[in-house]
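As structure tokens, the structure follows; a few thoughts come after it.
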Amino acid sequence: MSDWRSDLLAWFDRDQRTMPWRKDFHSDPYAVWVSEVMLQQTTVAAVIPFYERWMARFPTAEALAAASEEEVLQHWQGLGYYSRARNLHQGVRTVVQFGWPQTVKEWKMISGVGDYTAGAIGSIAQGIVVPAVDGNVERVFSRRFMVSDTGEKLKRFATFWAGRNVDPHRPGDWNQALMELGATVCTPKNPTCGRCPVASSCEALQAGRVGEFPAPKPRKDWIELEHVTVVPFRGDRVGLVQAKRGEWWSGLWQPPRGEVGADLGIEIGEFVGRFKHVVTRHKIQLEVRRLEVEGHLDGLTWFEFADLDEVPMSAPGRRAINLALEASLRLPGLE
DNA sequence: AAACCGGGGTT
DNA sequence: AACCCAGGTTT
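Take 2 as the starting number for the first sequence in the working numbering and just add one per residue.
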């Protein structure tokens, strides 16, 4: 049996990258879950240090369920998209209370677990024979069969195909092999088809049209925002507010910030600089100001400089503080 | 600096 | 199906 499926598995057995979580796999759904949620936005290299810190602090679902949201967010800091951390926290609490899901349908009832993550955890940790279709698999599929659909349609066809082809004895390895191929060989740009274990069955390659698949999605316009933030200092402390539910960076700390011209509930202070923070479709032009505060000030919580690394903080909030601190160093008269 | 990537949730 | 979430990598 040397069809492309066994060629792919053999390649995976030989060439798979080592990842710290792969040693924890095959019987620990929690380890798989953590790694999959972390990997949702970013790449393996970026996730590794976070995964190791996370598993040292929260080695089991029970340990994570018992932790406070504050500490969970703090350990997630730097990974972004913090709702993933809140969902994981909530999901783990559900599992600890009611037991581990045993099917994809049950996994999908857990907050933060959708089609892909349910398939990944079920197949890798529990041996359930289900596909796990991420962007890598969609790309491999669209090239393999020259499918030019995009979006939901591409995902549906890829899921159908993947589901018909999962290796019933090694579903987790098979899913990982497909994703690994997309991540390391069948890459979005400059794929290395010369190293592809299944090149001979790739329709796009035979046609010399690999670069045309998958078809690009129509791009949306940027949303431009102009915000101003005031960094309040008092001695060796900085005054922060916690973003409320429903606001961006909800639950994280940051200096008061708002649209230019809006009432921040604090004096506007003096200009120290500006930078741009880009996220998804949004470009935020952020004007940074600083303010020396003498007495009390309603609504602010004061953190010592030395403790700031431990505070779960929004990315632009941290950049603004750093900018304001640098400005203070350049202008010692302001201290 | 712009383009692109990506999975889950909501409406 | 479109949009929100509110970060990262590649080019």
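Backbone N, C-alpha and C fix where the C-beta goes; we use that ideal spot for every residue, glycine too.
Rounded separation between residue i and residue j - CA only
{"i": "E70", "j": "H283", "result": "27 Å"}
{"i": "L10", "j": "D168", "result": "9 Å"}
{"i": "V280", "j": "M180", "result": "25 Å"}
{"i": "S329", "j": "M314", "result": "21 Å"}
{"i": "T95", "j": "I111", "result": "7 Å"}
{"i": "L335", "j": "I285", "result": "Note on L335: pLDDT 46, under 50, position unreliable in the model; no value is reported."}
{"i": "Q127", "j": "D116", "result": "16 Å"}
{"i": "W34", "j": "H76", "result": "16 Å"}
{"i": "Y31", "j": "G270", "result": "47 Å"}
{"i": "V232", "j": "R291", "result": "5 Å"}
{"i": "K58", "j": "G100", "result": "Position check: residue 58 holds Arg in this sequence, whereas Lys was assumed. Their backbone Cα atoms lie some 22 Å apart in a straight line."}
{"i": "A67", "j": "L80", "result": "21 Å"}
{"i": "G247", "j": "Y83", "result": "12 Å"}
{"i": "L182", "j": "S149", "result": "20 Å"}
{"i": "T43", "j": "F234", "result": "35 Å"}
{"i": "G164", "j": "T61", "result": "30 Å"}
{"i": "N166", "j": "P102", "result": "24 Å"}
{"i": "V1", "j": "S36", "result": "A query on residue 1 cannot be resolved here, the shown segment of the chain reaching from 2 to 336 and no further."}
{"i": "P50", "j": "D16", "result": "22 Å"}
{"i": "T118", "j": "K106", "result": "11 Å"}
Cβ neighbours of residue i in the same chain (closer than 7 Å, five flanking residues each side left out)
{"i": "Q41", "result": "R85"}
{"i": "V114", "result": "G92 and W108"}
{"i": "R331", "result": "none"}
{"i": "F340", "result": "Because the chain is modelled from 2 through 336, residue 340 falls outside the range shown and cannot be assessed."}
Reference residue i, options the options, closest by Cα
{"i": "T104", "options": "G236, I125, R235 and F306", "result": "I125"}
{"i": "K245", "options": "G300, R275 and A32", "result": "G300"}
{"i": "Q243", "options": "V38, V312 and D8", "result": "V312"}
{"i": "W22", "options": "L206, R54 and L182", "result": "R54"}
{"i": "E268", "options": "G247, G274 and V294", "result": "V294"}
{"i": "A121", "options": "V38, R87 and G236", "result": "V38"}
{"i": "G262", "options": "L287, G274, P132 and K277", "result": "L287"}
{"i": "R275", "options": "H228, R238 and G259", "result": "H228"}
{"i": "L265", "options": "R157, L298 and D237", "result": "L298"}
{"i": "T160", "options": "G136, V199 and H170", "result": "G136"}
{"i": "K154", "options": "G164, E139, N166 and R165", "result": "E139"}
{"i": "T185", "options": "R18, D14 and W5", "result": "R18"}
{"i": "P172", "options": "E260, V130 and A46", "result": "V130"}
{"i": "S251", "options": "L74, I49 and M56", "result": "L74"}
{"i": "S7", "options": "W162, L206, H170 and A208", "result": "H170"}
{"i": "W162", "options": "C187, K190, A133 and P189", "result": "A133"}
According to DSSP, residues forming a beta bridge with residue i
{"i": "E293", "result": "F234"}
{"i": "M314", "result": "W254"}
{"i": "W175", "result": "Answer is none; W175 lacks a bridge partner."}
{"i": "F214", "result": "Looking at the DSSP assignment, F214 forms no beta bridge with any residue, so it has no partner."}
{"i": "L287", "result": "H228 and F276"}
{"i": "T302", "result": "L241"}
{"i": "G259", "result": "V229"}
{"i": "E271", "result": "R291"}
Other residues of its chain near residue i: CB distance less than 8 Å, five sequence neighbours each side excluded
{"i": "S28", "result": "A126"}
{"i": "C203", "result": "R144, R145, C194, C197 and V211"}
{"i": "R238", "result": "W303, F304, E305 and F306"}
{"i": "A200", "result": "C194 and L206"}
{"i": "Y52", "result": "P21, W22, V35, S36 and M39"}
Residues near residue i in its chain [Cβ-Cβ closer than 6 Å; skip 5 each side]
{"i": "E225", "result": "K284"}
{"i": "K218", "result": "T151"}
{"i": "L309", "result": "none"}
{"i": "F272", "result": "R290"}
{"i": "V97", "result": "A62, E63 and A66"}
{"i": "G259", "result": "L265"}
{"i": "L89", "result": "V38 and G113"}
Under 8 Å: do the segment 240-259 and the segment 312-327 share three or more Cβ pairs, one atom per stretch? With the rule of 3 Cβ pairs closer than 8 Å, the segment 240-259 counts as touching the segment 312-327.
With a threshold of 8 Å, are at least 3 pairs of Cβ atoms found where one atom belongs to the segment 206-216 and the other to the segment 129-145? The segment 206-216, when compared against the segment 129-145, does touch it at the 8 Å Cβ threshold.
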